[in-house]
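Some notes on the structure that comes next.
There are 4 protein chains.
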Amino acid sequence: MNPEPVRVRILVTGGTFDKRYNELTGALTFEDTHLPEMLRLGRCRLDVSITTVTMMDSLDMTAADRAAIVDRCRHATESRILVTHGTDTMVETARALAQGCPVSTGKTIVLTGAMIPYAFGSSDGLFNLGSALSFVQVLPPGVYIAMNGRCFTWDRVRKNRETGVFEGT
Amino acid sequence: MNPEPVRVRILVTGGTFDKRYNELTGALTFEDTHLPEMLRLGRCRLDVSITTVTMMDSLDMTAADRAAIVDRCRHATESRILVTHGTDTMVETARALAQGCPVSTGKTIVLTGAMIPYAFGSSDGLFNLGSALSFVQVLPPGVYIAMNGRCFTWDRVRKNRETGVFEGT
Amino acid sequence: MNPEPVRVRILVTGGTFDKRYNELTGALTFEDTHLPEMLRLGRCRLDVSITTVTMMDSLDMTAADRAAIVDRCRHATESRILVTHGTDTMVETARALAQGCPVSTGKTIVLTGAMIPYAFGSSDGLFNLGSALSFVQVLPPGVYIAMNGRCFTWDRVRKNRETGVFEGT
Amino acid sequence: MNPEPVRVRILVTGGTFDKRYNELTGALTFEDTHLPEMLRLGRCRLDVSITTVTMMDSLDMTAADRAAIVDRCRHATESRILVTHGTDTMVETARALAQGCPVSTGKTIVLTGAMIPYAFGSSDGLFNLGSALSFVQVLPPGVYIAMNGRCFTWDRVRKNRETGVFEGT
Numbered sequence: 001m002n003p004e005p006v007r008v009r010i011l012v013t014g015g016t017f018d019k020r021y022n023e024l025t026g027a028l029t030f031e032d033t034h035l036p037e038m039l040r041l042g043r044c045r046l047d048v049s050i051t052t053v054t055m056m057d058s059l060d061m062t063a064a065d066r067a068a069i070v071d072r073c074r075h076a077t078e079s080r081i082l083v084t085h086g087t088d089t090m091v092e093t094a095r096a097l098a099q100g101c102p103v104s105t106g107k108t109i110v111l112t113g114a115m116i117p118y119a120f121g122s123s124d125g126l127f128n129l130g131s132a133l134s135f136v137q138v139l140p141p142g143v144y145i146a147m148n149g150r151c152f153t154w155d156r157v158r159k160n161r162e163t164g165v166f167e168g169t
Numbered sequence: 170m171n172p173e174p175v176r177v178r179i180l181v182t183g184g185t186f187d188k189r190y191n192e193l194t195g196a197l198t199f200e201d202t203h204l205p206e207m208l209r210l211g212r213c214r215l216d217v218s219i220t221t222v223t224m225m226d227s228l229d230m231t232a233a234d235r236a237a238i239v240d241r242c243r244h245a246t247e248s249r250i251l252v253t254h255g256t257d258t259m260v261e262t263a264r265a266l267a268q269g270c271p272v273s274t275g276k277t278i279v280l281t282g283a284m285i286p287y288a289f290g291s292s293d294g295l296f297n298l299g300s301a302l303s304f305v306q307v308l309p310p311g312v313y314i315a316m317n318g319r320c321f322t323w324d325r326v327r328k329n330r331e332t333g334v335f336e337g338t
Numbered sequence: 339m340n341p342e343p344v345r346v347r348i349l350v351t352g353g354t355f356d357k358r359y360n361e362l363t364g365a366l367t368f369e370d371t372h373l374p375e376m377l378r379l380g381r382c383r384l385d386v387s388i389t390t391v392t393m394m395d396s397l398d399m400t401a402a403d404r405a406a407i408v409d410r411c412r413h414a415t416e417s418r419i420l421v422t423h424g425t426d427t428m429v430e431t432a433r434a435l436a437q438g439c440p441v442s443t444g445k446t447i448v449l450t451g452a453m454i455p456y457a458f459g460s461s462d463g464l465f466n467l468g469s470a471l472s473f474v475q476v477l478p479p480g481v482y483i484a485m486n487g488r489c490f491t492w493d494r495v496r497k498n499r500e501t502g503v504f505e506g507t
Numbered sequence: 508m509n510p511e512p513v514r515v516r517i518l519v520t521g522g523t524f525d526k527r528y529n530e531l532t533g534a535l536t537f538e539d540t541h542l543p544e545m546l547r548l549g550r551c552r553l554d555v556s557i558t559t560v561t562m563m564d565s566l567d568m569t570a571a572d573r574a575a576i577v578d579r580c581r582h583a584t585e586s587r588i589l590v591t592h593g594t595d596t597m598v599e600t601a602r603a604l605a606q607g608c609p610v611s612t613g614k615t616i617v618l619t620g621a622m623i624p625y626a627f628g629s630s631d632g633l634f635n636l637g638s639a640l641s642f643v644q645v646l647p648p649g650v651y652i653a654m655n656g657r658c659f660t661w662d663r664v665r666k667n668r669e670t671g672v673f674e675g676t
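Chains as they are written, first to last, in this note's numbering: chain A, 1 to 169; chain B, 170 to 338; chain C, 339 to 507; chain D, 508 to 676.
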């Protein structure tokens with residue numbers, strides 16, 4: 001346990017976490033991330049820096065988008081990195097990160113997301129954020145997915161499309 | 170990382186976490202705990218069992234109340250235990266737990282709480298719950314306090330009464 | 339002012355009011371109406387009966403759907419009727435009601451809706467519901483649109499598509 | 508129905524409506540009113556001006572406090588006035604207003620409040636605010652209490668202390 005607040009880099013990529021309801025069009029859209037507001041609500045006392053890499057539905061993510069995320073992780077000066085991400089292709093991005101930021105880089109990378117947008121009141125996002133920020137502080141270097149209170153290594157997890165739940169494999 | 174959901178015992182003792190507004194009297198009171206609802210909101214997939222030990226403001230807690238909490242921890246069959254607790258005397262109860270459930274018992278005990286009642290909308294409770302449930306899964310045996318995204322060992326923490334924030338010592 | 343709670347019929351037709359976020363598909367959908375929950379939250383003490391006529395985006399509403407709403411109003415035993423409706427074609431349905439349920443039927447009909455789904459936390463729905471239920475109790479027979487705290491007769495209102503606000507004409 | 512937004516004066520006096528939870532002391536307190544935020548949430552398009560007369564629990568209200576509220580109503584340039592007020596002595600203040608601002612002054616005065624603080628998430632306040640703002644626009648001069656979707660003249664209402672509900676007498 002550190003006497004000083006741990007430094008964590010949060011990379012925002014969009015996903016359900018940050019979806020909003022556009023009241024003029026009735027569509028779900030992205031604007032600025034809710035992460036600062038969520039950290040304020042959680043009264044988070046870590047030394048957190050936030051970077052928005054992209055803002056998209058993870059189903060629309062291309063290899064180039066994933067390469068940009070990997071690149072940000074590689075060049076981050078922090079060794080503890082949280083990535084917010086849509087759940088549909090979170091496992092794919094985790095795999096790309098495991099390849100591009102291997103354990104030898106000394107980085108602990110945790111991906112998390114939400115099933116319900118934070119802006120929609122009854123979200124699991126705040127719970128997942130608190131959970132992921134804890135795992136990222138204490139786990140050894142590697143790439144992990146933290147959802148629903150659980151944590152999986154990148155190569156031992158899948159999203160069950162029927163239940164919406166992440167499961168070990 | 171476990172392929173199966175980790176078993177966690179949650180011991181509820183009250184605190185701001187579970188305060189409600191009584192609309193007939195205008196006073197803050199305790200009724201049933203919000204923990205099941207919070208775990209549902211967080212879509213928590215751990216193997217959690219909840220026991221309500223007491224429901225009180227931690228300023229009203231006596232040595233006998235603390236002994237009851239220690240007793241529940243000693244006799245729990247789970248080795249990972251989360252205690253929800255008022256913040257005002259959380260450090261005292263942590264000390265009692267460290268004495269009554271020493272590291273040799275093999276138990277990882279994490280205390281957490283909230284500055285704002287969960288029922289009041291803008292609570293830090295859901296964030297702290299997610300955070301504490303993660304720490305309790307991965308930390309070695311011992312007694313810890315998890316608040317504001319941080320985690321402290323029981324003997325290296327105090328609550329700053331002026332700011333309401335837990336700090337390392 | 340009535341010594342007894344006024345009888346009001348609520349006809350539910352869907353609209354933004356009742357949209358939900360489907361966490362498996364990520365789409366906005368309709369299921370059961372939130373009206374009972376909203377009336378409970380508002381501690382509403384009127385003698386309210388709720389009928390779900392349809393559950394749809396008002397952009398998808400056909401002449402047949404409007405005829406069904408008019409029919410329900412004509413045959414309602416209550417003289418005070420609230421219709422929840424999507425905002426995009428609320429004025430069209432108001433016109434159909436004015437023709438099908440003329441003032442001579444003695445019915446006071448108020449249409450209302452929301453710009454943000456009730457389920458999404460920061461909704462204007464609860465405010466509009468309280469507002470519309472008041473207007474429907476005290477206005478003389480006729481067809482009205484109640485939005486944003488204001489009330490318009492059916493033939494003197496339009497929705498400003500750019501601002502999302504209903505205006506007098 | 509007015510083609511222009513109706514002018515309404517809101518007089519804020521505190522009450523459950525505006526109670527907050529002080530996270531340092533754990534007590535319920537008053538700071539600034541939530542009215543502007545509530546009107547924004549309800550996307551209210553009336554021509555509203557807000558004056559904070561006092562901020563107190565209505566059980567603490569003295570004759571002098573009531574005289575100050577009456578005075579503000581008498582001198583308001585608006586003929587439509589909404590008073591937010593604690594529910595415990597709302598009927599008393601309504602009586603003082605009926606005496607100090609008789610029907611001959613041409614003013615329509617509506618008192619409203621909440622059983623649960625707006626800041627606590629599941630409040631009836633937004634519903635009551637929407638309701639009261641509608642009644643104040645359309646009722647003839649006089650003093651009224653609007654709660655739970657209903658509206659009572661000042662001399663035909665009492666608060667049932669056991670149920671917390673306002674009833675006609």
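The beta carbon of each residue, even a glycine, is placed where N, CA and C say it ideally should be.
Can you name the residues of chain D whose CB is closer than 9 Å to the CB of residue i?
i	result
L193/B	M622, R668, E669, T670, G671
Can you name the residues of chain C whose CB is closer than 8 Å to the CB of residue i?
i	result
D631/D	L379, G380, R381
Which residues of chain C have a Cβ atom closer than 7 Å to the Cβ of residue i, listed in chain order?
i	result
Y21/A	I454, P455, F458
C608/D	Chain C residues near C608/D: none, gap ~18 Å exceeds 7 Å.
Which whole-angstrom value describes the C-beta separation of residue i and residue j, a residue pair presumed to lie in contact below a C-beta threshold of 8 Å?
i	j	result
A470/C	L420/C	5 Å
G106/A	R74/A	About 11 Å separates the two Cβ atoms, so there is no contact after all.
M453/C	T354/C	6 Å
V441/C	G480/C	6 Å
T220/B	R241/B	7 Å
G337/C	F634/D	The structure shown does not extend to residue 337/C, since chain C spans only 339 to 507, so no value can be given for it.
V171/A	Q137/A	The requested residue 171/A is not part of the displayed model; chain A covers only 1 to 169.
S641/D	S417/C	In fact, because the Cβ distance is near 18 Å, the residues do not count as touching under 8 Å.
D631/D	G380/C	5 Å
Would you check if the distance between the CB atom of residue i and the CB atom of residue j is smaller than 8 Å?
i	j	result
V515/D	L542/D	no
L535/D	V577/D	no
R189/B	E200/B	yes
T262/B	R235/B	yes
C44/A	N329/B	no
T392/C	G352/C	yes
G675/D	P341/C	yes
S227/B	T258/B	yes
Between which two residues does the alpha helix (DSSP H) holding residue i run?
i	result
R178/B	Segment 176–183 is the beta strand (DSSP E) holding R178/B; no alpha helix (DSSP H) there.
F166/A	Where F166/A is concerned, there is no enclosing alpha helix (DSSP H), although the beta strand (DSSP E) it sits in stretches over 165–168.
E600/D	A quick correction: the sequence has Thr, not Glu, at residue 600/D. Where T600/D is concerned, the enclosing alpha helix (DSSP H) stretches over 597–607.
F304/B	294–307
Need the endpoints of the beta strand (DSSP E) that residue i sits in, please.
i	result
N667/D	664–667
L197/B	197–199
I419/C	418–422
R573/D	Unbroken run through R573/D is the alpha helix (DSSP H), 570–582; no beta strand (DSSP E).
A484/C	480–485
L449/C	446–450
T389/C	385–394
R657/D	657–660
R527/D	526–528
In chain C, what lies closer than 9 Å to residue i by C-beta?
i	result
F642/D	S472, F473, Q475, V476
Taking Cβ-Cβ distances shorter than 8 Å, what residues in chain A pair up with residue i?
i	result
L449/C	Simply none; closest approach about 18 Å.
F296/B	M38, L41, G42, R43, C44, L126, F127, L129, G130
So which residues on chain G does residue i lean against when the C-beta distance must stay under 7 Å?
i	result
S300/B	Absent here is chain G; the protein component of the structure consists of chains A, B, C and D.
Just to make sure I have the definition right: I need the residues of chain B whose C-beta is within less than 9 Å of the C-beta of residue i. Which are they?
i	result
T523/D	Y190, E192, G195
Could you tell me which chain B residues have their CB closer than 8 Å to the CB of residue i, listed as they occur along the chain?
i	result
C151/A	M170, S303, Q306, V307
Residues of chain A with CB closer than 9 Å to the CB of residue i, please, in chain order.
i	result
G275/B	What G275/B touches in chain A: nothing, since even the nearest Cβ is about 18 Å away.
At a threshold of 7 Å, does residue i count as lining the ligand MG (C-beta to nearest heavy atom)?
i	result
K614/D	No copy of the ligand MG occurs in the structure displayed, which carries no ligand at all.
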